[in-house]
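Residue numbers (the numbering used here), protein chains in the order written: chain A, 10 to 124; chain B, 885 to 993. For each residue, glycine too, the CB sits at the ideal point set by N, CA and C. Written below as structure tokens is the structure these notes are about.
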């Protein structure tokens with residue numbers, strides 16, 4: 010297993026278009042997280058899954074955003090009708106609970122530019 | 885909501901210097917993470933702490949739960965240590981992290 014994988018690494022899209030990002034977590038990890046990071050800021054939580062169940066969504070996740078993890082493995086994050094304010098790095102992380110706490114492993118991120 | 889603050893925001897030092905980056909948070913936590921982010925975006929986990937001190941190579945992380953404060957130290961700093969270092973806290977033990985804004989470290993040869 011090579012770690013958390015995100016695709017694509019970069020995406021440039023015109024305002025109003027829909028985009029979809031994919032995250033493949035570490036195979037035995039049942040928790041998967043999406044974060045968004047704008048320039049000069051730390052990442053902000055968007056949503057997380059335990060297996061296929063979406064357990065929490067941030068208020069940052071407007072109705073134009075939807076995330077799925079249909080079989081409890083990979084996840085997709087879709088943004089409909091993109092706006093310039095959606096330009097950011099979208100980061101995925103995965104973890105697996107164990108005694109003593111859990112370390113989160115991050116992907117390389119998908120950098121979205123809306124023009 | 886936990887407020888996570890890091891200092892300094894930017895730090896430039898000469899190769900070989902001892903580096904300290906500080907992190908404070910406002911509400912009790914389950915664990916604190918120190919992360920490293922290089923240009924291009926990828927984040928690497930350095931440490932996860934719930935108490936005491938951890939050491940890995942030239943990196944040392946400490947946490948004081950009572951004072952709600954953690955520090956990341958780098959000994960014998962090297963230009964390859966140049967990166968953004970981010971502190972993040974896990975409030976509830978579910979690894980949903982709240983992040984600081986990061987400290988940009990530049991080590992000059």
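Beta carbon proximity, residue i to chain B, threshold 7 Å
| i | result |
| --- | --- |
| residue 97 of chain A | no |
| residue 29 of chain A | no |
| residue 74 of chain A | no |
Chain B contact residues for residue i, given Cβ-Cβ distances below 9 Å
| i | result |
| --- | --- |
| residue 62 of chain A | The premise fails here: residue 62 of chain A is roughly 13 Å from chain B at the closest Cβ pair, so nothing lies under 9 Å. |
| residue 117 of chain A | 924, 925, 926 and 927 |
| residue 77 of chain A | Ordered by position in chain B, no residue passes the 9 Å Cβ test against residue 77 of chain A, which lies about 18 Å from the chain. |
Under 7 Å between C-beta atoms of residue i and residue j
| i | j | result |
| --- | --- | --- |
| residue 907 of chain B | residue 954 of chain B | yes |
| residue 45 of chain A | residue 58 of chain A | no |
| residue 113 of chain A | residue 899 of chain B | no |
| residue 893 of chain B | residue 968 of chain B | no |
| residue 92 of chain A | residue 29 of chain A | no |
| residue 34 of chain A | residue 100 of chain A | no |
| residue 956 of chain B | residue 933 of chain B | no |
When the options are compared against residue i, the one with the closest alpha-carbon
| i | options | result |
| --- | --- | --- |
| residue 985 of chain B | B:919, B:959 and B:957 | B:919 |
| residue 120 of chain A | A:98, A:103, A:113 and A:55 | A:98 |
| residue 36 of chain A | A:62, A:93, A:87 and A:14 | A:14 |
| residue 90 of chain A | A:102, A:74, A:103 and A:80 | A:74 |
| residue 70 of chain A | A:117, A:95 and A:84 | A:95 |
| residue 123 of chain A | A:12, A:106, A:67 and A:21 | A:21 |
| residue 959 of chain B | B:886, B:988 and B:902 | B:902 |
| residue 935 of chain B | B:914, B:977 and B:941 | B:914 |
| residue 55 of chain A | A:67, A:61 and A:49 | A:67 |
| residue 17 of chain A | A:24, A:27, A:11 and A:32 | A:32 |
| residue 72 of chain A | A:103, A:105, A:12 and A:27 | A:27 |
| residue 951 of chain B | B:896, B:909 and B:888 | B:909 |
| residue 964 of chain B | B:897, B:886, B:911 and B:932 | B:897 |
| residue 945 of chain B | B:990, B:977, B:970 and B:982 | B:970 |
Chain-ordered chain A contacts of residue i [CB-CB under 8 Å]
| i | result |
| --- | --- |
| residue 957 of chain B | In chain order: nothing, as chain A lies at least about 20 Å away. |
Cβ of residue i within 7 Å of any chain A Cβ
| i | result |
| --- | --- |
| residue 987 of chain B | no |
| residue 929 of chain B | yes |
| residue 976 of chain B | no |
| residue 984 of chain B | yes |
Residue(s) in a DSSP beta bridge with residue i
| i | result |
| --- | --- |
| residue 28 of chain A | A:88 |
| residue 906 of chain B | B:891 and B:955 |
| residue 53 of chain A | A:45 |
| residue 126 of chain A | Residue coverage of chain A in this structure runs from 10 to 124, which leaves residue 126 of chain A outside it and unanswerable. |
| residue 937 of chain B | B:946 |
| residue 23 of chain A | None; residue 23 of chain A has no bridge partner. |
| residue 990 of chain B | B:896 |
| residue 77 of chain A | A:85 |
| residue 97 of chain A | A:121 |
| residue 917 of chain B | B:932 and B:972 |
| residue 964 of chain B | The partner list for residue 964 of chain B (beta bridge, DSSP) is empty, contrary to what the question assumes. |
| residue 35 of chain A | None, per the DSSP bridge assignment. |
Closer than 9 Å at the beta carbon, the chain A residues around residue i
| i | result |
| --- | --- |
| residue 970 of chain B | 51 and 52 |
| residue 917 of chain B | 112 and 113 |
Under 7 Å from the C-beta of residue i: neighbouring residues of chain B
| i | result |
| --- | --- |
| residue 104 of chain A | 979 |
| residue 120 of chain A | 925 |
| residue 48 of chain A | Those within 7 Å of residue 48 of chain A in chain B number zero; the least Cβ separation is about 11 Å. |
| residue 100 of chain A | 927 |
Residue i beta carbon near the ligand NAP (any heavy atom closer than 6 Å)
| i | result |
| --- | --- |
| residue 942 of chain B | This structure does not include the ligand NAP; it has no bound ligands of any sort. |
Cross-chain neighbours of residue i in chain B, by beta carbon under 8 Å
| i | result |
| --- | --- |
| residue 65 of chain A | 980 |
| residue 40 of chain A | 978 and 979 |
Closer than 7 Å to chain C by CB, residue i
| i | result |
| --- | --- |
| residue 930 of chain B | Among the protein chains in the structure shown, which are A and B, there is no chain C. |
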